[in-house]
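Numbering (the UniProt record's numbering), first residue to last: 2 to 276.
Contents: one structure, followed by commentary.
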Ligand code: S5P
């Protein structure tokens, strides 16, 4: 059967990349395909939200450069929380430069992303060299990369041929590229049966998920967990504002919203695999 009808647990055994394996195992263990994106500017809010939603998620997605009071001790605390609550870390850095530059941005600077983030992502726009630059740093550390094959925003240029070429780039580098940021299942996408490999199994992590509203004032577009997981065959829902909301101090409400998304995402997965 095509991978999207397989259980997360079965898919975990098929993956060799340690980050892909860890994510699939964590999803299965915690009965959660929910990733929470913690896009806040203060470390205290960042850590409190992660501590509250940690038990309910498979993955925490960060934009570490948003934090105004970042210091290296914050990374120690994030890593401690990831062990305490058993979640994977994904720094949403969206690398998009020449190989030499992205290798430095990934390994060095203030944030030293490769040293703590299991997964990161890149725009395919520079071509395959963006992957080889990042892989030189990340592969020896057991990290995994997602390519942004599509985006959730109105008017995105990541479509058609661009998306197909992103899939081809991933296929040629599947040791390090574990999947895509995309809006639908990408396996065999638009490439015809001769080019699609039947046993390929890319992870599809999908932002633009919300239950209350259809979008924001800045081009974001939302779909429901059921649309994303069951109807479009994606693997992980990424939710930011739908979970942390506008009152960052009300961690109990944040936890409750996370549980609602976790439940809806998991139900959609059960429907997809059991129908
Ligand atoms: O196409 C995309 C790709 C990403 S990684 N659309 C997105 O929204 N994202 C990220 O997902 C974005 O940077 C943000 O961190 C999160 C969505 O946040 P929300 O508050 O709209 O759920």
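Idealized CB from N, CA, C, for every residue including glycine.
Q: Measuring alpha carbon to alpha carbon, tell me which of 32, 64, 71 and 31 ends up nearest residue 44.
A: The residue you call residue 44 lines up with position 43 of the chain shown. If we check each option's Cα against that of residue 44, 71 comes out closest.
Q | Reference residue 241; option with closest CA among 212, 275 and 234 | A | Position 240 of the chain shown, counted from the first residue, corresponds to residue 241. When each option's Cα is compared against that of residue 241, the closest is 212.
(Q) On the DSSP bridge list, what partners appear for residue 222? (A) Your numbering for residue 222 matches position 221 in the chain shown. DSSP, once it has assigned bridges, lists 216 as partnering residue 222.
Q.
Residues in the same chain with beta-carbon distance under 6 Å from residue 83, minus the five sequence neighbours each way, listed in chain order, please.
A. By one-based count along the chain shown, residue 83 stands at place 82. Correct list, in chain order: 90.
Q. Any idea if residue 14 is buried or exposed, counting beta-carbon neighbours within 10 angstroms, 16 or more meaning buried?
A. Position 13 of the chain shown, counting from 1, holds the residue named residue 14. Exposed, since its Cβ has fewer than 16 Cβ neighbours within 10 Å.
Q) residue 30: buried (16+ other C-beta within 10 angstroms of its C-beta) or exposed? A) One-based indexing of the chain shown puts residue 30 at position 29. So residue 30 ends up on the exposed side.
Q: Determine the burial state of residue 205: buried for a count of at least 16 other Cβ atoms within 10 Å of its Cβ, exposed for fewer.
A: On the chain shown, residue 205 is found 204 positions in, with the first residue counted as 1. With 16 or more other Cβ atoms within 10 Å, it is buried.
Q) What number of angstroms, rounded off, separates the C-alpha of residue 260 from the C-alpha of residue 236? A) The count along the chain shown starts at 1 and reaches residue 260 at position 259. The count along the chain shown starts at 1 and reaches residue 236 at position 235. Distance between the alpha carbons of residue 260 and residue 236 is about 17 Å.
Q: Could you tell me whether the Cβ atoms of residue 123 and residue 97 are closer together than 8 Å?
A: As a working mapping, residue 123 is identified with position 122 in the chain shown. As a working mapping, residue 97 is identified with position 96 in the chain shown. Against a cut-off of 8 Å, the Cβ pair of residue 97 and residue 123 comes out as a contact.
(Q) Taking DSSP's pairing of strands, which residues face residue 91 in a bridge? (A) Sequence index remark: in the chain shown, residue 91 carries index 90 (1-based). Answer is 62 and 120.
**Q.** Span of the beta strand (DSSP E), counted from its first residue to its last, around residue 180
**A.** Looking up residue 180 in the chain shown gives position 179. First-last of the beta strand (DSSP E) with residue 180: 178 to 182.
Q) Can the beta-carbon of residue 150 be found closer than 8 Å to that of residue 159? A) Here residue 150 refers to the residue found at position 149 of the chain shown. Here residue 159 refers to the residue found at position 158 of the chain shown. Contact: yes.
Q.
Tell me which residues share the same chain as residue 67 and place their Cβ nearer than 8 Å to its Cβ, disregarding the 5 neighbours each side in the sequence.
A. The residue labelled residue 67 in the question sits at position 66 within the chain shown. Cβ within range, chain order: 40, 41 and 42.
Q | Cβ-Cβ separation, residue 177 to residue 134 (assumed contact under 8 Å), whole Å | A | Reading the chain shown from its first residue, position 133 is the one you call residue 134. Reading the chain shown from its first residue, position 176 is the one you call residue 177. 11 Å between Cβ atoms; not a contact.
**Q.** DSSP three-state assignment for residue 27, whether helix, strand or coil
**A.** By one-based count along the chain shown, residue 27 stands at place 26. Note: residue 27 maps to helix in three-state DSSP.
Q) How would you label residue 2, buried or exposed, when you count the other beta carbons within 10 angstroms and need 16 or more for buried? A) Stepping through the chain shown from its first residue, residue 2 is reached at position 1. Per-residue confidence for residue 2 stands at a pLDDT of 48, beneath the threshold of 50, marking its modelled position as unreliable; the derived number appears in the next sentence. When all chains shown are included, residue 2 counts as exposed.
Q. Just curious, the alpha helix (DSSP H) that residue 167 is in, first and last residue?
A. By one-based count along the chain shown, residue 167 stands at place 166. From DSSP, the alpha helix (DSSP H) with residue 167 extends over 162 to 172.
Q | CB-CB length for residue 145 against residue 114, believed under 8 Å | A | For the purposes of this step, residue 145 is taken as the residue at position 144 of the chain shown. For the purposes of this step, residue 114 is taken as the residue at position 113 of the chain shown. Actually they do not touch by this definition, with Cβ atoms about 13 Å apart.
Q | For residue 96: DSSP bridge partner residues | A | As a working mapping, residue 96 is identified with position 95 in the chain shown. According to DSSP, which records beta bridges pairwise, residue 96 is partnered with 123.
Q) Expressed to the nearest angstrom, what Euclidean distance is found between the alpha-carbon atoms of residue 168 and residue 157? A) Residue mapping note: residue 168 aligns to position 167 of the chain shown, counting from 1. Residue mapping note: residue 157 aligns to position 156 of the chain shown, counting from 1. Rounded to the nearest angstrom, the two C-alpha atoms are 17 Å apart.
Q) In the DSSP assignment, what are the bridge partners of residue 239? A) The sequence position of residue 239 within the chain shown is 238, counting from 1. Looking at the DSSP assignment, residue 239 forms a beta bridge with 36.
Q. Is there at least one non-hydrogen atom of the ligand S5P closer than 7 Å to the beta-carbon of residue 145?
A. Reading the chain shown from its first residue, position 144 is the one you call residue 145. Residue 145: no, Cβ never under 7 Å from the ligand S5P.
Q | 8 Å Cβ shell around residue 222 - same chain, five flanking residues per side excluded | A | Numbered from 1 along the chain shown, position 221 holds the residue referred to as residue 222. Closer than 8 Å at the Cβ level, and outside the excluded window around residue 222, lie 153, 154, 155, 209, 215 and 216.
Q) Using CA coordinates, which residue listed in 21, 231, 251 and 185 is at the minimum distance from residue 1? A) One cannot answer for residue 1 here, as it falls past the ends of the chain, which runs 2 to 276.
Q: Buried or exposed for residue 37, please, with buried defined as at least 16 other CB atoms from any protein chain shown within 10 angstroms of its CB.
A: In the chain shown, counting from the first residue as 1, residue 37 sits at position 36. The residue is buried, with at least 16 neighbouring Cβ atoms inside 10 Å.
Q. What are the boundary residues of the alpha helix (DSSP H) that includes residue 274?
A. The residue labelled residue 274 in the question sits at position 273 within the chain shown. Residues 252 to 275.
Q) Does the Cβ of residue 77 have 16 or more other Cβ atoms within 10 Å, making it buried, or fewer, making it exposed? A) Working through the chain shown from its first residue, we reach residue 77 at position 76. That one is exposed.
(Q) Just to confirm, is the Cβ distance from residue 269 to residue 227 under 8 Å? (A) Numbered from its first residue, the chain shown carries residue 269 at position 268. Numbered from its first residue, the chain shown carries residue 227 at position 226. Yes.
Q) DSSP state of residue 145, grouped into three classes? A) Counting from 1 along the chain shown, the entry for residue 145 is found at position 144. Strand at residue 145.
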